[in-house]
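Residue numbers (the numbering used here), protein chains in the order written: chain E, 1 to 597; chain L, 1001 to 1597.
For each residue, glycine too, the CB sits at the ideal point set by N, CA and C.
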Amino acid sequence: MDDQERAFPTKRQKSLKWNGWGYKDSQFLLNEQSGVIEFTGNRYPMSGSALPYLFNWFQQELEGNIDTQTPAQPLDISKIPPPVSCEKFNEEVQQWCKFISEDPEDRLMHGHGHLCEEIYLLRNNLYLDKRIPDVVIYPSSHGDVEQIVKLANKYNVALIPMGGGTSVSGALICPENETRTIASLDMTEMNRIHWIDPENLVAKIEAGIIGQDLERRLQKEGFTTGHQPDSLEFSSLGGWVATRASGMKKNVYGNIEDLVIGLKMVTSMGTIEKSCQVPRISSGPDIHEIILGSEGILGVITEVTIKVKPIPECTKYGSVLFACIEDGIDFLQAISRQGLYPASVRLLDNDQLRFGLALKSGKGLIERFSNNIKKIYLSHLKGFDPLKMVLCTIVFEGAKEKVHMEEVTIMKVASQFNGISAGEENGKTGYLLTFSIAYLRDFGFDFGYLSESFETSVPWDRVKDLIKNVKENLTTVCANLGISRNPYCAARVTQSYDSGACCYFYFGFYYGDLSNPLEAYTAIEESSREEILANGGSISHHHGVGKVRAKFLEETISPVGKHTLIAIKKGLDPQNIFASGNIIGLVGPTSLLQSKL
Amino acid sequence: VVRVMSTLAQDTSAPLAQIRREAATLLEEMGHRFSGIVLNCVGALVKKVFRRIVSEVTVHRDNMSALKRLSDSKKPLLIVPSHRSYLDFILVTWLLHSYNITTPIIAAGQDFMSMKVVGSLLRRCGAFFIRRSFGKDKLYWALFTEYTQSLVVRGEAPLEFFIEGTRSRTGKSLQPKLGMLTVCLEPYFDSRVSDISICPITLSYEKTVEEHLHILELMGIPKPCESTSGLIQARHILNNSYGAVDVRVGAPISVKEMARGKVDRKARSLTPRSVSVPATPSERTFVRDLAHSIITQQQSNSVVFPCAVLAAVLLQYVQDGQWSVPIRQVEREVIWSCDLLIKLGCHLRWDTTRSRLDHMVGMLSPVVSIDSGMVVVDQSPPGSEFLRDRGIEAQCYSLISLGRRRNEVMHMTIHAAMIAKVMYGTKSRDQVLTEYSAIREMLGQEFVFMSHSVQSDFNQAVELLCNLGIVTEVNGNVLKFKDLKARKFLICLVDPFLITYLDSWNVCLSSLARDPENSETLKNICSRIQNHIHSRSEKLYKFGESVNLNVIQNSIFSLAKLNVLHVDKSRKQIYCLNPDLLSDILNSLTLIVRPLI
Chain E
1 MDDQERAFPT
11 KRQKSLKWNG
21 WGYKDSQFLL
31 NEQSGVIEFT
41 GNRYPMSGSA
51 LPYLFNWFQQ
61 ELEGNIDTQT
71 PAQPLDISKI
81 PPPVSCEKFN
91 EEVQQWCKFI
101 SEDPEDRLMH
111 GHGHLCEEIY
121 LLRNNLYLDK
131 RIPDVVIYPS
141 SHGDVEQIVK
151 LANKYNVALI
161 PMGGGTSVSG
171 ALICPENETR
181 TIASLDMTEM
191 NRIHWIDPEN
201 LVAKIEAGII
211 GQDLERRLQK
221 EGFTTGHQPD
231 SLEFSSLGGW
241 VATRASGMKK
251 NVYGNIEDLV
261 IGLKMVTSMG
271 TIEKSCQVPR
281 ISSGPDIHEI
291 ILGSEGILGV
301 ITEVTIKVKP
311 IPECTKYGSV
321 LFACIEDGID
331 FLQAISRQGL
341 YPASVRLLDN
351 DQLRFGLALK
361 SGKGLIERFS
371 NNIKKIYLSH
381 LKGFDPLKMV
391 LCTIVFEGAK
401 EKVHMEEVTI
411 MKVASQFNGI
421 SAGEENGKTG
431 YLLTFSIAYL
441 RDFGFDFGYL
451 SESFETSVPW
461 DRVKDLIKNV
471 KENLTTVCAN
481 LGISRNPYCA
491 ARVTQSYDSG
501 ACCYFYFGFY
511 YGDLSNPLEA
521 YTAIEESSRE
531 EILANGGSIS
541 HHHGVGKVRA
551 KFLEETISPV
561 GKHTLIAIKK
571 GLDPQNIFAS
581 GNIIGLVGPT
591 SLLQSKL
Chain L
1001 VVRVMSTLAQ
1011 DTSAPLAQIR
1021 REAATLLEEM
1031 GHRFSGIVLN
1041 CVGALVKKVF
1051 RRIVSEVTVH
1061 RDNMSALKRL
1071 SDSKKPLLIV
1081 PSHRSYLDFI
1091 LVTWLLHSYN
1101 ITTPIIAAGQ
1111 DFMSMKVVGS
1121 LLRRCGAFFI
1131 RRSFGKDKLY
1141 WALFTEYTQS
1151 LVVRGEAPLE
1161 FFIEGTRSRT
1171 GKSLQPKLGM
1181 LTVCLEPYFD
1191 SRVSDISICP
1201 ITLSYEKTVE
1211 EHLHILELMG
1221 IPKPCESTSG
1231 LIQARHILNN
1241 SYGAVDVRVG
1251 APISVKEMAR
1261 GKVDRKARSL
1271 TPRSVSVPAT
1281 PSERTFVRDL
1291 AHSIITQQQS
1301 NSVVFPCAVL
1311 AAVLLQYVQD
1321 GQWSVPIRQV
1331 EREVIWSCDL
1341 LIKLGCHLRW
1351 DTTRSRLDHM
1361 VGMLSPVVSI
1371 DSGMVVVDQS
1381 PPGSEFLRDR
1391 GIEAQCYSLI
1401 SLGRRRNEVM
1411 HMTIHAAMIA
1421 KVMYGTKSRD
1431 QVLTEYSAIR
1441 EMLGQEFVFM
1451 SHSVQSDFNQ
1461 AVELLCNLGI
1471 VTEVNGNVLK
1481 FKDLKARKFL
1491 ICLVDPFLIT
1501 YLDSWNVCLS
1511 SLARDPENSE
1521 TLKNICSRIQ
1531 NHIHSRSEKL
1541 YKFGESVNLN
1551 VIQNSIFSLA
1561 KLNVLHVDKS
1571 RKQIYCLNPD
1581 LLSDILNSLT
1591 LIVRPLI
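Written out as structure tokens, the structure reads:
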């Protein structure tokens, strides 16, 4: 299966942006003459179309201004500092692994993820002062990785594994003080599907495979993992495991921890794995739980045995409008109480909904006309306030009959909360737009806006307050920081569980009046996380801890909890070869010494 | 509430329906019925009344726009005015109304409710009524908490209450009552809201409408019940002039900012919302400190009128047995004192009207008058004739009346005054601090001190006195008073309190400490102390102010705080816990007071 079509080539910068999200050919552009924003390229449903309402929205809601543009700086490759090479290590690695590169562009591409902070630095050529990997190695098999890790231990070289590089936790940032050679392990060459087992419905796959490639190839064989994180296009299977990813359709398929049957991870002490592929095991604390969410600090995940399912017979979309967010959340809670879990249920708050409406391409008169009728019906007959109403989008998946039954029951519950069906189309566009919306942040950057998303999980009885408080707190913090224009903050409830939900926030603010935008960004991010924790929310639902949330770890899992993680780290990696410093900070040989004293 | 009702039903084996009815009646009794029209009508009437009795109301606009912004944002806002007069809440409502700020919902004592017509008028102006004490009534407590917190959380209108709990009869701030504040802050502690803003307001009166009644109360003659007929009888106040009122809106306090690092809101997130949690120790400490800083802010915004300075000056003469003083001398002394007070940080209201001696004297009438070139303190002022029938010397009326006014300058001078009191001869800085702390502890119920700021208050006051050249620091560590006139002025401010305490504690020693079994009611012991003071009538000019019941009570509570006495609240009995400690404390107080007697 080697000659397959791939999401991006080995030299990913050939088709991916070096300083922004996604493919080079796709981006939001403002046509300054017409004042209309267009989405370029031909990869997405939105590609090639003009978005007549978007710029208007940008001006009204965010006080965006065409005159304050902050275009990205071109890359000055000559300024990238030379690598700290370890010749012998490189030589010996090359005996096992043909692809190895010290090319500055490759090194830069492997030195960052997609945190707002990282992109800001890249765009402004400020990343050139940062520590980046000295060498990029592209292993092509589990055996390669075992050898590389051995050699790294032999020559005391730091390793940072990398999949799709879509991290939003700072996990790929190299520790500034690392004096050893840092090698980035680009896992994307390890993209083979070893086998699919239709009997037990599992598949053994190399960890470097990119989500969209995995799905495309499985679907050719009639299967799917059903795991659909929003980063699916670029993130890798190993990355999902390493960050405890969550997929949009987890209600039917489960989150990554539910999907995994077998794992292989190469550590400094050797490979850790189970000798059987069983649905459940009682073998003491589960070693998978050490690998899941390890964020590259314990070893490299090389192979994953994952559950697959036949492609569902029927997928159907739906959407329901509610008068206010409280009604919407009550509805979500009600259906989860009744055990009604369609593949996906998401609630967009009013800010998010208005943004969604602004993304409509509005092709013809007819559509606008019908929209107007709907508006009149909603606001006058049902008394819905357009500045308060929220939209719930739903995906049903499975056998036709089951889907039909589910739809009927859910609509019945929705009507108890005064919800009105808003049609299949509204639901569908919500999900289809997901991938292209990720490109908007770069558009914001062009006009002086920093934007980011953050998420959390929270018990049901605190969902409403958490959303309200986090948004309020964000507005206050922005005002206190002296940000003149309205900040933007929208919330979604993206996952429902029996005992709580996952809340997802987008925020953006104008940084034109700030002397240090990144300081402001950090202040906002940390204040938001503090507010979340105070409201009973978690440190993260699926983005992970990385470096940006590491300071909140100890209060989340208790000092003893953190001590446990440190003990595992020291036991598995005494030389701190996996030196990214994620989750628990830097635990090097020095601190090992200290603890012995 | 539901939980409380059902436990009550179980405990008392009364049917739930009955308890529900009870709850409904209580809510009916509590609730406000705000109506804009009534507010406007009452507003017009109030304006008329004010025109007649008050010469001017000065409003400082400093923080008005901040207050307006807060109220417009519909976020939780508490308005906490100082309480000296019934006019306070009328003035605040009227003031906010005229600045186009949402008028507050006001927590009022239930005494007003029984007033015919007026009670319901107040309800419609946004007042809700709470019982003065309901410590054990669980149902009432639950309803009150729920009602109040829902007002805070919804934030549709600011919530106004008086942190002193009742009008201060003595002109100085009362110890803050923490119950209402704790209830209001709970939504912040359990993250139902992301922040609560508190806006302290200070109302300074040149003369309060209730002066006469309050003096009588301080002498032990109970206040008449609030009733409409009483109000109509009191219309004679319309014929008097009460001078000027000064209103200052303090800088809004953000509870979140104040609580940073002091209250961990996360702690509450482990308990579900439906389970009520008692305030944690750190929350209680925080509420107490916050209450103190609210009072401190109110005090620092209070305005001293020259007539209060005149009262202080005259009292000094009276303490030396001089009841009348030549005009020239008085004028000189007032100006000198005003100058000192300004230097010590008082906001003095000095304008052409108020700086005229005849105006000041008018404001102190009927106790003070001008007679043939002398300013005379009346030894039997009109209206005090009937006192003699009750065995009270009329002189006391004058002394207490002047004492109340003098107290208005105490807030900004108390630390300097205490230092002046303990600093005779040459003492080392540390010795002064020790004695200052001792006296401060004794007066802990009399004045509002922050428990943790002994050192900083002391240092600040000493530094100020040094800068003003009143105190010098010799040899780096020894403090010495340079300005003996200032010292005498300061000592005269604090002496009356210490003298009262001395008398009061002597009586406690003789009546309670002799026999540990012996107990007395608070009322009895207070009147016993009053009688004792009266029995020294030969020097009444010196001790007359000591019949002030409020100070006597404080002296008892101070002993309770020092663990000398035990006040059994349920049986209203006072026991002596530690006779030896009492005589020790008494000895040290005697040592402090002696130099002047």
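Residue-level contact to chain E via CB, residue i, 8 Å cutoff
{"i": "R1192/L", "result": "yes"}
{"i": "K1485/L", "result": "no"}
{"i": "D1430/L", "result": "no"}
{"i": "R1003/L", "result": "no"}
{"i": "S1276/L", "result": "no"}
{"i": "P1326/L", "result": "no"}
{"i": "D1195/L", "result": "yes"}
{"i": "R1273/L", "result": "yes"}
{"i": "K1266/L", "result": "yes"}
{"i": "S1065/L", "result": "no"}
Coarse secondary structure for residue i, derived from DSSP in three states
{"i": "M1442/L", "result": "helix"}
{"i": "Q495/E", "result": "strand"}
{"i": "A414/E", "result": "helix"}
{"i": "E1217/L", "result": "helix"}
{"i": "C97/E", "result": "coil"}
{"i": "I366/E", "result": "A caution first: I366/E carries a pLDDT of 44, below 50, which makes its placement in the model too unreliable to give a value."}
{"i": "T271/E", "result": "strand"}
{"i": "L1562/L", "result": "coil"}
{"i": "F578/E", "result": "coil"}
{"i": "L1522/L", "result": "helix"}
Extent of the continuous beta strand (DSSP E) run through residue i
{"i": "K204/E", "result": "202-206"}
{"i": "I301/E", "result": "300-307"}
{"i": "C314/E", "result": "314-322"}
Contacts around residue i, its chain only, beta-carbon distance under 6 Å, and the 5 residues preceding and following it disregarded
{"i": "L30/E", "result": "I37"}
{"i": "L592/E", "result": "Summary for L592/E: the model assigns pLDDT 41, below 50, so the residue's position carries little reliability; its value from the coordinates is reported in the next sentence. Cβ within range, chain order: K570."}
{"i": "G1031/L", "result": "F1128"}
{"i": "S184/E", "result": "H110, P133, V136, I160, M162"}
{"i": "F1161/L", "result": "A1107, M1180"}
Beta-carbon proximity list for residue i, same chain, < 7 Å, skipping 5 on both sides
{"i": "I1597/L", "result": "With a pLDDT of 45 at I1597/L, under the threshold of 50, the predicted position of this residue should be treated as unreliable, though the coordinate-derived value follows. Taken in chain order, the list of residues that qualify is empty."}
{"i": "G1469/L", "result": "K1482, D1483"}
{"i": "M190/E", "result": "P139, S140, S141, E206, A207, G208, T302"}
{"i": "T1182/L", "result": "A1279, V1287"}
N-terminal and C-terminal residue of the alpha helix (DSSP H) that residue i is part of
{"i": "K1485/L", "result": "1484-1508"}
{"i": "S184/E", "result": "Where S184/E is concerned, there is no enclosing alpha helix (DSSP H), although the beta strand (DSSP E) it sits in stretches over 182-186."}
{"i": "E525/E", "result": "517-534"}
Chain-order list of residues whose beta-carbon lies under 8 Å from that of residue i (same chain, five-residue window excluded)
{"i": "Q1010/L", "result": "none"}
{"i": "I366/E", "result": "Per-residue confidence for I366/E stands at a pLDDT of 44, beneath the threshold of 50, marking its modelled position as unreliable; no derived number is given."}
C-beta neighbour in chain L for residue i, strict 8 Å
{"i": "D349/E", "result": "no"}
{"i": "N124/E", "result": "no"}
{"i": "D461/E", "result": "yes"}
{"i": "A534/E", "result": "yes"}
Touching by the beta-carbon criterion (3+ pairs, under 8 Å), the stretch 1491-1507 of chain L and the stretch 1536-1556 of chain L: Yes, since at least three Cβ pairs between the stretch 1491-1507 of chain L and the stretch 1536-1556 of chain L fall closer than 8 Å, the two stretches touch.
Three CB pairs or more closer than 8 Å across the stretch 1278-1286 of chain L and the stretch 1299-1309 of chain L: In this structure the stretch 1278-1286 of chain L does not lie against the stretch 1299-1309 of chain L, because fewer than three pairs of beta carbons, one per stretch, are closer than 8 Å.
The stretch 174-181 of chain E touching the stretch 240-259 of chain E, judged by at least three CB pairs closer than 8 Å: Verdict: no, contact absent.
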